[in-house]
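For my numbering, add 104 to where a residue sits in the sequence shown, where the first one is 1.
Glycine residues also receive a C-beta, built at the ideal position from the N, C-alpha and C atoms.
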Amino acid sequence: MWAWTTNRNASETLTSLDRCCCGCIPIRIGTVVFSSFLLFGFVQTFVDHISNSEFDDLPTTLLWLIVNLLFICFLILAIAGAVMKLPNVLLPVLTIVLIYVFWLSMVIVTFAVELRFQLLFDVLAAVNVITWKDARRHKREGSTS
């Protein structure tokens, strides 16, 4: 059990009941609220990056992929800490995880659909169904029609 006291006052005991599984990060409602704001910031930035990029900026895309994977690892640690130490915090943490997984899957689906439509426009331009100018216009506008 993670418990220690200071020399000044024995009532300043910090126990494992307010710590996550690694013993050093406190899990409180404020932590959950802060992580939810952080989560939506990451998701929003990632969505903006994917929707505004031309899919050729590989280092930035890899950086955001690494950041999101690290965030998933921290969420797993938060779930493990909530299960072991604070079951009443488990529901907000699981809600954040479900929202994060939903939005990340929407980003992946959006990326796949946009890439597929761009490939479709390139193929149509290659077989002279539409002109290359139209294909570039669709790519520039992000239009799928």
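| Query | Result |
| --- | --- |
| Cα-Cα separation between residue 170 and residue 177, rounded to whole angstroms | 11 Å |
| 8 Å contact criterion, which residue 180 and residue 198 should meet: CB distance rounded | Rounded, the Cβ-Cβ distance is 11 Å, inconsistent with contact. |
| Local Cβ density within 10 Å of residue 212, reported as buried at 16 or more and exposed below that | exposed |
| C-beta contact flag for residue 64 and residue 202 at 8 Å | An answer regarding residue 64 cannot be provided, because it is not within the stretch 105 to 249 covered by the chain. |
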